Structure formats: C-alpha cells, structure tokens
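Asks:
This is the structure we're talking about:
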C-alpha cells in the first residue's frame with residue numbers, strides 16, 4: 003500500500019529534469035539548466051546526506067596535469083588528444099571560478115610542483131616540448147625547473163633530484179566549493195533532495211521514471227521527469243551497467259597542524275599517482291593506487307592498511323624527513339576512469355543523458371562535463 007499523499011504524487015514527484023548526483027558535475031548541470039531555462043523544475047537526487055563519490059573526498063587540487071603525466075598521455079594518445087584533455091580541464095576550472103568566485107571555493111593559488119627522481123628525471127629533457135604544447139592554452143613558460151625549492155621546502159635531499167614548478171595551479175577547499183555550489187543551485191530554484199537512493203531509471207511514454215528507495219519507510223517512490231541527467235561519475239554503472247567507466251579508489255590522509263610547515267602549494271610525483279598539499283599548516287597526502295590497480299578498482303570506501311602504510315613511509319622519508327607529526331584522519335573517495343581519459347557526455351536514450359569520466363580531475367573538469375550534459379539534455 004502506498005504511503006504517498008495526493009500532493010506528493012501530483013506535485014513533489016513531478017518535474018522537468020531530474021539530475022542524479024550532487025557532486026560538481028551534477029550541481030553544475032542543474033545550475034546550467036536553470037540558467038538557460040529558469041522555468042524548468044529541476045530536481046537533484048543525492049543518495050547520501052553528503053555527496054557520495056569524490057567531490058567532497060578529494061584532495062582539492064586545482065590542477066591540469068604534471069609534466070610526467072602529460073608526457074605519458076602524449077605518448078599513449080598523441081598530442082592532439084592530450085592537449086584536448088588539458089583544454090577541457092582549463093575550461094572547467096575557469097567555469098567553476100567564474101560561477102562561484104575564488105573566495106567561495108577557497109582557492110589558494112600557491113603553484114603546482116612535481117618531485118622527480120630516478121628515471122622520472124628524464125622528463126626534464128622534454129620540458130620545452132611540453133611548454134610548447136601548453137602555450138596556446140596558458141601562454142609561454144608553463145613549466146620551469148627550480149631545484150632550489152627542494153631544500154627550502156624541506157624535502158629529502160638525497161631522494162628528490164628535481165622540482166618542476168608551474169604558477170598556474172593551486173588548491174581549493176572542496177567542502178566549501180560543494181557547499182556554495184549547492185547554495186547557488188537552490189537560490190536558482192533547484193530542488194536538492196538528499197538521502198534519495200536511486201534504484202532505476204526507465205524511459206517510457208514520453209518521460210522517465212526514476213525509482214528512489216526510501217530507507218526509513220522501506221518503500222519505493224517514483225519521480226516522473228521529462229528528462230534525466232546521470233551525473234554519478236564512478237558510480238554510473240550501478241544504474242547503467244553498459245557505460246564505459248570504472249571506479250578507482252583514491253586513499254588519503256591528513257596530518258594534524260605542523261608548526262612552521264615549510265611549503266605551500268599542490269605537489270605530485272610518480273606520474274601523478276601520488277599527490278600532496280598543505281591545508282593551512284597540515285599536510286594532505288594521497289595516492290598509491292598504482293601499487294594495486296586491480297584492488298583499487300572498487301567502489302568501496304574503506305582504506306587499506308598496505309596503501310596507508312605506503313603513504314606513511316613516503317610522508318616520513320621524503321616529504322617530512324626529520325619532522326614530528328601525527329595523522330589526524332584517513333579516508334577514501336571513488337573516482338571514475340575511462341579508457342582514453344576524455345570526459346564523456348552521451349545520450350543514453352531519447353530523454354536520458356550521462357556525463358562522466360573525470361579521471362581524477364573532477365575539480366578541474368567537473369563543471370565542463372556538467373555544462374555539456376546540460377546542453378545535451380536541453381537540445
């Protein structure tokens with residue numbers, strides 16, 4: 003027997019567009035739709051109280067790709083595709099900054115850096131080529147080598163051989179960004195519903211039924227929309243198994259505050275598989291997925307002892323050698339990766355569109371994917 007009232011069935015469960023997922027992609031899509039069609043009734047459904055996935059569990063990097071990562075992409079997919087990906091990231095971050103303002107995302111433009119040692123140091127031979135590739139997007143001299151920073155930042159001098167720097171990157175406050183995206187969406191008239199566990203999306207009779215399980219009442223209600231946008235990135239295959247995306251867990255830790263922390267900025271090493279930054283006087287450090295690609299291809303949010311131990315070792319021996327610190331928190335987020343690293347916005351059926359494929363760059367590229375999904379569903 004239904005527990006719905008007449009008012010709920012006729013008014014609250016009817017809408018123009020349902021957006022599934024309230025991360026950067028989903029909220030950006032909803033805002034774009036309302037900006038272009040203010041009269042549309044747009045509903046965002048989020049299965050958790052806070053966004054599940056990576057938007058509030060990431061490291062908050064406003065970045066475009068390290069030198070070694072870009073070289074890897076050029077070698078694997080060619081110059082044109084690699085630069086196209088970087089342009090998407092630049093466009094997405096520009097959109098986020100323009101939409102909210104730098105203060106509202108907590109942007110700290112302290113630069114981006116890559117630590118190199120061993121065979122990775124060979125990347126420096128190709129820095130002029132990569133700078134030429136980046137020139138149409140960012141201007142001249144995107145990357146520079148600044149080895150004086152190794153000692154100034156307190157890194158292990160016997161381990162780190164080179165630092166490659168760029169002034170174009172920085173960090174954001176991911177929680178602040180999502181909070182202000184949500185506030186902007188609701189200010190524009192978007193209905194944001196959390197705790198909405200979407201179980202199925204089915205198109206028929208000229209519309210789309212979105213079935214949502216209600217955990218408290220133990221029943222299922224059905225939103226009836228004219229159109230649906232799926233913006234769950236790594237978790238998209240739970241609703242559409244045929245989508246070409248795989249989950250990738252990213253494990254992270256953050257220290258307690260460290261007096262006189264010597265560095266600021268966002269940092270990478272090992273082709274971007276490891277990443278760290280300052281958050282005030284704390285160090286946030288994550289990565290190591292490349293040590294167990296198969297095991298980390300999962301949508302489970304638990305951390306694992308062996309990868310966290312690996313992070314501890316790098317933190318103790320390379321990043322903070324000789325520094326006393328304690329770890330405050332450890333957590334994991336779920337990213338979404340596809341084969342060619344290009345963002346994907348595709349029409350699943352007549353009235354259903356999916357936007358996904360951040361490939362670990364959701365802060366930069368998420369707004370662009372959301373905008374493209376909004377354009378396609380409204381076309």
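Numbering (the working numbering), first residue to last: 3 to 381.
Every residue gets a Cβ at the ideal spot worked out from N, C-alpha and C, and that includes glycine.
The structure presented is a predicted model; accordingly, all values stated were derived computationally and were not measured.
#1: Apply the 10 Å Cβ neighbour rule to residue 8 and answer buried if 16 or more other Cβ atoms are within range, or exposed otherwise.
#2: In the structure shown, what three-state DSSP assignment does residue 349 receive?
#3: Cβ atoms of residue 101 and residue 367: under 7 angstroms apart, would you say?
#4: At 4 residues or longer, and completely inside the segment 165-200: list those alpha helix (DSSP H) runs for me, N to C.
#5: Would you report the Cα separation of residue 211 and residue 237, rounded to the nearest angstrom?
#6: How many angstroms separate the CA atom of residue 2 from the CA atom of residue 155?
#7: Based on DSSP bridge pairs, tell me the residues matched to residue 284.
#8: Counting C-beta neighbours from all protein chains within 10 Å, is the total for residue 259 16 or more, i.e. buried, or is it exposed?
#9: Alpha carbon to alpha carbon, how far is residue 170 from residue 12? Give it in angstroms, no decimals.
#10: Express the C-alpha separation of residue 176 and residue 59 in angstroms, rounding to a whole number.
#11: Between the Cα of residue 109 and the Cα atoms of 340, 99, 116 and 117, which residue gives the shortest distance?
#12: Does the distance from the C-beta atom of residue 203 to that of residue 241 stay below 7 angstroms?
#13: How is residue 249 classed by DSSP in three states: helix, strand or coil?
#14: Where does residue 239 fall in DSSP's three states?
#15: Consider the Cβ of residue 25: report whether some Cβ of chain D lies at a distance smaller than 7 angstroms.
#16: Contact check, residue 190 vs residue 37 under 8 angstroms by CB: the rounded distance?
#17: Pick helix, strand or coil for residue 375, following the three-state DSSP scheme.
#18: How should residue 321 be labelled, buried or exposed, when 16 other C-beta atoms within 10 angstroms of its C-beta is the threshold for buried?
#19: Check the DSSP bridge columns for residue 202 and list the partner residues they point to.
#20: Name the residue from 379, 375 and 359 whose alpha carbon lies nearest to the alpha carbon of residue 55.
#21: Cα-Cα, which of 179, 221 and 264 is closest to residue 106?
#22: Only counting the same chain, and skipping five residues up and downstream in sequence, which positions put a Cβ closer than 8 angstroms to that of residue 15?
#23: So the candidates are 152, 151, 150 and 131; which of them puts its Cα closest to the Cα of residue 144?
#24: Please look up how many angstroms separate the CB atoms of residue 44 and residue 233, rounded, as I've assumed it's under 8 angstroms.
#25: Tell me the rounded alpha-carbon separation between residue 389 and residue 285.
#26: Can you grab the Cα-Cα spacing for the pair residue 57 / residue 26, in whole Å?
#27: Determine, using beta-carbon pairs with one atom in the segment 74-92 and one in the segment 323-343, whether at least three such pairs fall under 8 angstroms.
#28: Where does residue 119 fall in DSSP's three states?
#29: In angstroms, rounded to a whole number, what distance separates the CA positions of residue 309 and residue 253?
#30: Is any non-hydrogen atom of the ligand ADP found closer than 6 angstroms to the C-beta of residue 296, if you look at the structure I gave you?
Replies: Walking through what the data contain:
#1: Within the chain shown, residue 8 is the residue found at index 6, counting from 1. So residue 8 ends up on the exposed side.
#2: In the chain shown, the residue the question calls residue 349 occupies position 347. Judged by DSSP in its simplified three-state form, residue 349 adopts strand.
#3: If you number the chain shown from 1, residue 367 lands on position 365. If you number the chain shown from 1, residue 101 lands on position 99. Against a cut-off of 7 angstroms, the Cβ pair of residue 101 and residue 367 comes out as no contact.
#4: Qualifying alpha helix (DSSP H) stretches, in chain order: 176-189.
#5: Within the chain shown, numbered from 1, the residue matching residue 211 stands at position 209. Within the chain shown, numbered from 1, the residue matching residue 237 stands at position 235. Approximately 19 angstroms between the Cα atoms of the pair.
#6: Nothing in the structure corresponds to residue 2, since the chain is present only between 3 and 381.
#7: For the purposes of this step, residue 284 is taken as residue 282 along the chain shown, with counting starting at 1. 281, per the DSSP bridge assignment.
#8: Taking the first residue of the chain shown as 1, we reach residue 259 at position 257. By the 16-neighbour rule on beta-carbons within 10 angstroms, residue 259 is exposed.
#9: Residue numbering aside, residue 12 sits at position 10 when the chain shown is read from its first letter. Residue numbering aside, residue 170 sits at position 168 when the chain shown is read from its first letter. Those two C-alpha atoms are separated by around 50 angstroms.
#10: Within the chain shown, residue 59 is the residue found at index 57, counting from 1. Within the chain shown, residue 176 is the residue found at index 174, counting from 1. Residue 59 and residue 176 have their C-alpha atoms some 8 angstroms from each other.
#11: To locate residue 109, count along the chain shown from 1; it is residue 107. Considering only alpha carbons, the answer is 99.
#12: Here the question's residue 203 lines up with position 201 in the chain shown. Here the question's residue 241 lines up with position 239 in the chain shown. The criterion of a C-beta distance shorter than 7 angstroms is satisfied by residue 203 and residue 241.
#13: Locating residue 249 in the chain shown gives position 247, where the first residue counts as 1. It is a strand residue.
#14: As a working note, residue 239 is residue 237 in the chain shown. DSSP places residue 239 in helix when its eight states are reduced to three.
#15: This model lacks chain D altogether; it includes just one protein chain.
#16: Here the question's residue 190 lines up with position 188 in the chain shown. Here the question's residue 37 lines up with position 35 in the chain shown. Taking 8 angstroms as the upper bound for CB-CB distance, residue 190 and residue 37 are in contact here, some 7 angstroms apart.
#17: By 1-based counting over the chain shown, the position of residue 375 is 373. In the structure shown, residue 375 falls within a helical segment according to DSSP collapsed to helix, strand and coil.
#18: For this step, residue 321 is matched to residue 319 along the chain shown. Flag for residue 321 reads buried.
#19: Along the chain shown, one-based indexing puts residue 202 at 200. Paired residue(s): 213.
#20: Within the chain shown, residue 55 is the residue found at index 53, counting from 1. Among 379, 375 and 359, the Cα nearest to that of residue 55 is on 359.
#21: By one-based count along the chain shown, residue 106 stands at place 104. Closest option to residue 106, Cα to Cα, is 179.
#22: Locating residue 15 in the chain shown gives position 13, where the first residue counts as 1. Apart from sequence neighbours up to five positions away, the residues of its chain that approach residue 15 with a beta-carbon distance below 8 angstroms are 6, 223, 224, 225 and 226, ordered along the chain.
#23: As a working note, residue 144 is residue 142 in the chain shown. If we check each option's Cα against that of residue 144, 131 comes out closest.
#24: Residue numbering aside, residue 44 sits at position 42 when the chain shown is read from its first letter. Residue numbering aside, residue 233 sits at position 231 when the chain shown is read from its first letter. Actually they do not touch by this definition, with Cβ atoms about 12 angstroms apart.
#25: Residue 389 lies beyond the residue range present for the chain, which begins at 3 and ends at 381; the question has no answer from this structure.
#26: Stepping through the chain shown from its first residue, residue 57 is reached at position 55. Stepping through the chain shown from its first residue, residue 26 is reached at position 24. Cα to Cα, residue 57 sits roughly 6 angstroms from residue 26.
#27: Judged by Cβ distances under 8 angstroms, the segment 74-92 makes contact with the segment 323-343, as three or more pairs qualify.
#28: Against the chain shown, residue 119 aligns to sequence position 117. Three-state result, residue 119: coil.
#29: Taking the first residue of the chain shown as 1, we reach residue 309 at position 307. Taking the first residue of the chain shown as 1, we reach residue 253 at position 251. Spanning the two alpha carbons is a distance of roughly 8 angstroms.
#30: With respect to the ligand ADP, the structure offers nothing, as it holds no ligand at all.
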